[in-house]
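When we follow my numbering, the leftmost residue of the sequence shown carries the number 336, and every step to the right adds one. Beta carbons are placed, not taken as given, at the ideal position from N, Cα and C, and that holds for glycine.
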Amino acid sequence: MRPLRAVAIVPDDDAGLMGRVKAGDPAGAEALFTRYAGPMLGFTERMLGNRAEAEEVTQDVFLKMISRCEQYDGRASVSTWLFAIAANACRDRLRSAWRTTSVPLEAVPEPKGEGSIEGGLLEREKRRAVRTALDRLTREQREALLLARYRGMPYADVARTLGISEGAVKTRVFRAVETLRALFAEEGVSRWTAARP
Numbered sequence: 336m337r338p339l340r341a342v343a344i345v346p347d348d349d350a351g352l353m354g355r356v357k358a359g360d361p362a363g364a365e366a367l368f369t370r371y372a373g374p375m376l377g378f379t380e381r382m383l384g385n386r387a388e389a390e391e392v393t394q395d396v397f398l399k400m401i402s403r404c405e406q407y408d409g410r411a412s413v414s415t416w417l418f419a420i421a422a423n424a425c426r427d428r429l430r431s432a433w434r435t436t437s438v439p440l441e442a443v444p445e446p447k448g449e450g451s452i453e454g455g456l457l458e459r460e461k462r463r464a465v466r467t468a469l470d471r472l473t474r475e476q477r478e479a480l481l482l483a484r485y486r487g488m489p490y491a492d493v494a495r496t497l498g499i500s501e502g503a504v505k506t507r508v509f510r511a512v513e514t515l516r517a518l519f520a521e522e523g524v525s526r527w528t529a530a531r532p
C-alpha cells in the first residue's frame, strides 16, 4: 500500500482564484487569465473595433488585476470586476483616440478621379465640420453615438459598457443624432445628417 501524501486542494471558483492572486500565487492569475482572456478579448475588440488595441487592453486588464488585486473586495463577482476594468480602459482609449485622431466618415465620399484641389478642400471642411459638431455633444451623447454608430456595437453592449440601461443608450443616441442634424442644418450641410435607424 502506498503512503498517503498531502495533496493541495486548488479552489477553482473565481473568488478562490482571486484569493490566490492576493496571496501572490501566479497560478491563480494564470487560471483567471485562461478563463477570461477569450471573452475579454472579444468584448474589448467589439468596443474598440481594433484587434491589436483590444489585445493590448486585455493584457493591461490582467496586469491591473494583479497590481490592484487588493482593491477587489468580493462585493461583485470577479468577472464583473474584470469587465468593469476593461470597460473603463476601453473608454479611456476611445477618449484618447477621440482627442488625437479624426473620426472616419463613411457618409462622406472620397474625391474621385485625380482629385481636385476643391474636392480635397471640401473633404477637409466636411471632416472639420463633423468633428466640431461632435465636440458640441455632451460627453455622454458622444460616447453612446460613437460606440453604437461608429463602432457598430449593439445597444445592449453599449449599455453594459457605459453602465446604463439600453433605453438610456437609445435616448442618448437619438438626442445626439438630433443635435447633429440641427447643427448641420445651421451650417447648411443637412445632406450629411442621414443616420441609420
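Considering only Thr415, Leu376, Ala421, the residue with the shortest C-alpha distance to Asp349 is Thr415. Of the residues assessed, Arg471 falls on the exposed side of the cut-off, its CB having fewer than 16 other CB atoms within 10 angstroms.
Shown here, Ser412 sits in coil according to DSSP, grouped into three states, outside any helix or strand. Ala366 and Leu352 have their C-alpha atoms roughly 7 Å apart. Of the residues Ala422, Arg477, Ala362, the one whose Cα lies closest to the Cα of Phe509 is Arg477. Using a 10 angstroms sphere on the CB of Arg459, the tally of other CB atoms stays under 16, which defines it as exposed. With respect to the 9 Å criterion, Ala491 and Glu501 are classified as neighbours on the basis of their beta carbons.
Our two residues, Ala387 and Leu497, have alpha carbons roughly 22 Å apart in a direct line. If you ignore the 5 residues before and after Val504, its C-beta comes within less than 6 Å of the C-beta of Ala479, Tyr490, Val493, Ala494, all in its own chain and listed in chain order.
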